[in-house]
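Everything below concerns the one structure shown next.
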Amino acid sequence: MKFPQSKINPRKIRYRAIGLVFGIISSILLSGLLTLPSWGQVPSLPPNVAQSAGFLADAAFDDQAILTGEVRLDGRSLFAIAAPALGQAGQLGATTPIEERIQGIERTLVQVANSEFDPDELEVRSEIDESSRLPVITINDQYLMTVTTLDAQLQVQEPERWANQLTGIIRQSLIRARQERQPEFLTRQALIASAIILVTLICGWIIAYWQGLFQARKKQLEIENPPDTSTPADIVREPLSDPMDLRRGGLKRHYQNLIDLRTRLLQIAQFSLFAAALFIVLGLFPYTRWLQPFLFSAPLQILLIGMAVYLLIRFSDILIDRFTGAFARRNQIDPEAYQRISLRISTFSRVLKSGAGVIWLVIGILAALSVVGVDLVPLLAGAGIIGLAISFAAQSLVKDMINGALILFEDQYAVGDVINLGEVSGFVENMNLRITQLRDSEGQLITVPNSAIAIVRNLSKDWSRVDLSIDLAYGTNPDHALAVIRSLSQEIYADPAWRAKMPEPPEVLGIDEVDHTGLLIRVWIKTLPLQQWKVAREFRRRLAHVLEQEGLAIGIPQQSLYFKSSQSFDTEWQDRHHEGPLESVTRE
C-alpha cells in the first residue's frame with residue numbers, strides 16, 4: 003500500500019498548523035483585551051462585585067425565598083442585589099421584584115451615562131433615609147437605589163458600609179461609560195475592530211488553505227489505495243493471510259482517522275476564530291457590549307459541548323488505534339499467531355471505541371443538562387434506581403451484552419472470521435457487545451443478537467481443513483487411484499506458493515465407501531485460517547487434469563430397470579433369478 007508523499011513532514015505540518023491557529027487566536031484575544039483604555043484609566047472593581055447572582059438563590063430569611071441578580075452598565079457587571087421572591091412572581095408574564103429593581107437601576111445609570119455630565123462635578127452620594135433607616139444612593143441628587151438589608155447580607159457587610167463602597171463603584175463605572183462614548187474613543191475602537199476583522203479574515207484563509215491540503219492528501223490516499231470492491235464471497239475465499247497486509251490495513255485506517263481529525267480540528271479552530279473575533283469586536287463598543295453574554299448563552303454552550311464530545315470521541319479512537327497497534331506489533335514474530343491476534347485486536351478495538359463513544363456521549367448529555375439548569379445531584383443520586391429499572395425493562399439487552407463480553411473474552415470468534423451459527427453463516431463484518439453482523443455469500447447483511455447465539459462453528463480459528471471426497475467409477479483399480487491421488491498431494495505440497503498455505507502435507511485417508519456409484523476416496527488438507535476454499539479449488543483443478551491423464555473416470559450412479567411386457571419376459575426373469583413372478587421394478 004502506498005501512502006501519499008509530501009515534501010513537508012506531516013508532523014511538522016500538524017504542529018505548525020495547530021501552533022499558528024492557536025497563536026493567532028491568542029494574539030487576537032490578548033490584543034482585544036489589552037486595547038481597552040479604560041483598564042488603565044479606572045481602577046478595577048472590588049472582588050465582591052463579581053459575586054454570582056445565584057449566591058442566595060436558595061437561601062431563605064424569615065421563611066422568605068430570596069432572588070438575586072446583577073446590575074450591569076454597558077454589558078459590564080457592577081454589583082449584585084437581592085429581593086424577596088413574591089407569590090405572583092411565578093405567574094406567566096409577571097415581573098419579579100428583582101427584575102423591577104434591576105431595570106430601574108440600569109435605566110437611571112444609562113440616562114446619566116448618555117447625558118453630558120462633567121466627571122469632575124459628578125456626585126454619587128449615600129444618605130440614610132429617616133423613615134426606613136436604610137442607605138439611599140443618589141447621582142447628582144437623582145434617586146438611584148436603596149441599599150436593603152438583603153443587599154448587604156449578600157455581600158456579608160453592614161448596609162451603610164456597603165452603600166459607601168457602592169458609591170465608588172458607581173462613580174467609576176459612570177466615568178468609564180462617559181469616556182467610552184467620546185468620538186475619539188469610538189474612532190480608535192473602530193480602527194482596532196477593523197484590524198481584528200482583517201487579521202481574522204487572513205487567519206480564516208490560512209485555515210481554509212490547510213483544510214484544502216488535508217483534503218487533497220485524503221483524496222490522494224483514496225486514489226492510491228482504492229476501497230475494496232470485492233464481494234463477501236471473495237473475502238471468504240481469498241482472505242488476508244499476510245501479517246503485513248493486516249498491518250497495512252490498520253495503518254491506512256489510522257492515517258485516514260488522523261486526516262479526518264485534523265480536518266475537524268481546523269474546522270473547529272476556524273469557527274472558534276470567528277467567534278472569538280466577534281466577541282472581542284462586540285466588547286470594544288459600549289453600545290454592543292451587552293450582546294457578549296448572548297454568545298455564551300445555553301444554545302451556544304450546548305453546541306460547544308457537542309463539538310468537544312466529538313473531538314474527545316475522535317481522540318479516543320486514535321488513542322485506541324495507537325495502543326492496539328503497539329500491542330499487535332509486539333506479537334508479529336509468529337505470522338500465524340499475529341494474524342489471530344490482529345483479528346482479536348480489531349474486534350476489541352471496535353468494542354472499546356463504541357464503549358468510549360457511549361461514555362463521552364453520556365458525559366456530554368450530563369454537561370448539557372447542567373448548562374440548561376438541571377440539578378444533576380438528584381439525577382445522579384437516582385442513577386442506581388434508574389439503572390435497576392432499566393435492567394428489568396431491558397433484560398434482553400443485558401443478556402446480549404453479557405453474552406457479547408463472554409464471546410470476546412473466550413475468543414469464540416472475531417471480526418474477520420467465518421462462522422456458522424446454525425441457521426445463518428457468513429463473514430463476521432462487525433460485532434459489539436450487543437450484536438454480531440454477518441455478510442453471507444449473497445451479500446446479505448445478517449444481524450444476530452448475541453443472546454441468541456448458542457452454538458458457534460468457527461471455520462477460520464487457528465487453522466482450517468479441506469474435507470475432499472472423490473467419487474471414482476466402480477471398475478477403477480483402487481491401488482492405482484490411491485497412488486495417483488497421493489502423488490498429486492505431494493506435488494501440490496511441493497509447490498512453494500501453495501505450501502505456504504498448508505502447514506502439513508495433504509492426508510489421503512483411503513477408501514471410505516464402495517457402492518453402486520463406485521469408490522469414494524477421502525482427502526484431508528490442513529490449511530491456514532480462511533485458506534481452505536482457495537486450496538480446495540486448486541486441488542480440484544489439478545485433480546481434474548490428473549484423472550483425465552490417467553484415464554480414471556468419475557463415479558456414475560447405476561440403475562437397472564426391468565419392465566414386464568410379455569409372458570416370455572416373465573419366464574426369462576424367473577430362469578435367471580430362480581424367483582417368483584416379477585411384481586415391481588428392481589434396482590441394482
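Under the numbering used here, the first residue of the sequence shown carries the number 3, and numbering increases by one thereafter. All C-beta atoms in this analysis are idealised placements derived from N, C-alpha and C, irrespective of residue type, glycine included.
Buried/exposed call for residue i, threshold 16 Cβ in 10 Å
i	result
L248	Low per-residue confidence applies at L248: pLDDT is 47, beneath 50, and the placement is therefore not dependable enough to give any value.
P505	exposed
P288	buried
A538	buried
K221	exposed
Y415	buried
V161	For the record, residue 161 in the displayed sequence is Pro; it is not Val. The residue in question, P161, is buried, as its Cβ has 16 or more Cβ neighbours within 10 Å.
Q113	exposed
G71	buried
L378	exposed
R542	exposed
E412	exposed
L36	Here L36 scores only 42 on pLDDT, less than 50, and its place in the model is too uncertain to base an answer on.
D244	Confidence at D244 is low in this model, with a pLDDT of 45, below 50, so the placement of that residue is unreliable and no value is reported for it.
I494	buried
L408	exposed
T231	Caution applies to T231, whose pLDDT of 47 falls short of 50 and renders its modelled position unreliable; the model cannot decide the point.
D60	The pLDDT assigned to D60 is 41, lower than 50, so where the model puts this residue is not dependable; a value taken from the coordinates is nonetheless given after this. Exposed, since its Cβ has fewer than 16 Cβ neighbours within 10 Å.
R324	exposed
N142	exposed
F296	exposed
E125	exposed
I139	buried
V364	exposed
E182	buried
S117	exposed
A279	buried
I527	buried
P559	exposed
I367	exposed
V376	exposed
Element boundaries [alpha helix (DSSP H), containing residue i]
i	result
Y610	Since the first residue of the chain shown is 3 and the last is 590, residue 610 is not available in this structure.
T98	Segment: none, T98 is in no alpha helix (DSSP H) and carries neither H nor E.
T169	161-182
L136	Taken as a continuous stretch (DSSP letters only), L136 belongs to no alpha helix (DSSP H), as it is neither H nor E.
F296	294-297
Among the options, nearest to residue i - alpha-carbon criterion
i	options	result
L80	I261, A67, P86, E108	E108
Q213	L530, I261, A192	I261
R78	I448, L293, L275	L293
L474	I139, L305, E515, E118	E515
L399	N452, F350, D323, E186	N452
R178	I198, D120, G445, Q159	D120
H482	G553, S427, K528, G428	G553
A312	F350, I361, V420	The identity of residue 312 in the sequence shown is Tyr, whereas the question assumes Ala. Comparing Cα-Cα distances from Y312 to each of F350, I361, V420, the minimum goes to I361.
T265	A85, D76, A218	A218
A84	R173, V149, V373	V149
Q551	I513, I171, Q492, I487	I487
L321	R346, A358, T290, G285	A358
G106	T438, Q144, S318, L490	Q144
A454	Q446, A499, M403	M403
A456	G406, R441, V417	G406
T326	G308, L156, K355, L306	K355
I68	A115, L146, L152	L152
E123	Q159, Q157, R180	R180
Element boundaries [beta strand (DSSP E), containing residue i]
i	result
L470	466-474
I130	126-130
L80	78-86
V149	That residue, V149, is in no beta strand (DSSP E); it is neither H nor E in DSSP.
R543	R543 -> not in any beta strand (DSSP E); alpha helix (DSSP H) instead, spanning 534-552.
L521	520-529
L511	509-517
Closer than 7 Å: residue i CB and nearest the ligand ZN heavy atom
i	result
S318	By its list of ligands, the structure shown contains no ligand whatsoever, and the ligand ZN lies outside what it can speak to.
Inset, instruction - Count the CB pairs spanning the region 159-172 and the region 118-136 that are closer than 8 Å, and state whether there are at least three. - result: yes
Inset, instruction - Taking 8 Å as the threshold, find out whether the region 498-517 comes into contact with the region 430-447 through three or more Cβ pairs. - result: no
Legend entry - Inter-stretch contact at 8 Å, needing at least 3 Cβ pairs: the region 203-219 / the region 294-310: no
Legend entry - Any 3 or more C-beta pairs closer than 8 Å across the region 521-537 and the region 474-488: yes
Legend entry - Segments of 4+ residues assigned as alpha helix (DSSP H) that fall wholly inside the region 395-455: 397-412
Inset, instruction - Taking 8 Å as the threshold, find out whether the region 421-431 comes into contact with the region 459-467 through three or more Cβ pairs. - result: yes
Legend entry - Continuous alpha helix (DSSP H) assignments of at least 4 residues falling wholly in the region 272-315: 294-297
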